[in-house]
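S.K.: Residue numbers (my numbering): 34 to 126.
Virtual Cβ for every residue (Gly too), placed ideally from N, Cα, C.
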Amino acid sequence: MTRIKVEQLIFDMWNIAHIKKHDVKPEEIIEAGKNLIYHRRTYESRYLAIGRSEKRLITLTLKRKKSGSYYLITARDSSKKERNKVYEKEDKK
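1. Taking 8 angstroms as the cut-off, does the segment 38-48 touch the segment 99-109 (at least 3 CB pairs, one atom from each stretch)?
2. With DSSP run on the structure shown, which of helix, strand or coil describes I37?
3. How many angstroms separate the CA atom of I63 from the CA atom of E77?
4. Output needed for V57: all residues of its chain with C-beta closer than 7 angstroms, excluding positions within five of it in sequence on either side, in chain order.
5. Tell me whether the beta-carbon of Y80 lies closer than 7 angstroms to the beta-carbon of R89.
6. Suppose contacts are defined by Cβ-Cβ distances below 7 angstroms. Is S111 in contact with I83 by that definition?
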């Protein structure tokens, strides 16, 4: 699996308004982007990534723009199934 490293997240008015509906703050997304635990490639060259912010696990949907730079499509609290994937991965370490 190719590791992704998020050096820059691209925000615009649309995705800021969209993530607000999920009660996620941009600061939490930046922190989760720096602390990625799990990711996988999905359709249309997007990535589903799970990262840890200070208080919770956040699932990010990202689209790569250039090396290290990703456009944020959405962010939300991780589902129970996604959290279990993270816990399994952490237990293997």
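M.R.: Taking the definition as stated:
1. yes
2. coil
3. 23 angstroms
4. I91, A108 and R109
5. no
6. yes
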